[in-house]
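In full-length UniProt numbering, the protein residues as written are 1 to 167.
Even for Gly, the Cβ is constructed at its ideal location relative to N, Cα and C.
The structure presented is a predicted model; accordingly, all values stated were derived computationally and were not measured.
Contents: one structure, followed by commentary.
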């Protein structure tokens, strides 16, 4: 019987084919993200860390380069969601802006090419496999604005269906 890690490897192989040395010259998700600030063009694998105390919450340090973070913030600002100081949260369901669709693609790619944990259970992947292959990957978006010095929100344990958080 196939365990969780074998299932994940097989699913990735079916989706993306076998890895080969010829792929080394093609751009990776880390390259398009900036590789966490870049390291001379090195192809960095995403490194996901479980956040203790909140089931299902994972952190991917340096997911976006500072340049890409700035571009993302500019795109969010262009939406006009936060033009009034009274609004500090925006929700979208269904059709996402282009920047959010691209961010979703980068999240999926980062999960698929990330280091696989040695634990062979469903917890070994930042997104449950049934969600990872869903189209669209995310069906809702919540954007929050925090004033300098304000702590960011931490999702509760009951919100464990897969999230992307960009501080």
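CA-CA distance, residue 78 to residue 62, rounds to 24 Å. Closest in C-alpha terms to residue 57, from the list 127, 135, 132, 140, comes 127.
When DSSP states are grouped into helix, strand and coil, residue 75 belongs to the helix group. By the 16-neighbour rule on beta-carbons within 10 angstroms, residue 51 is exposed. Fewer than three beta-carbon pairs drawn from the region 72 to 90 and the region 127 to 138 are found closer than 8 Å, and the two stretches are therefore not classed as touching.
Taking a C-beta distance under 7 Å as the contact criterion, residue 45 and residue 111 do not qualify as a contact pair. Short of 7 Å from the beta carbon of residue 87, and not among the five residues preceding or following it, lie these beta carbons of its own chain, in chain order: 81. Taking 7 Å as the cut-off, the beta carbon of residue 96 is found no closer than this to the beta carbon of residue 131.
DSSP places residue 124 within a helical segment (H, G or I) once states are collapsed to three.
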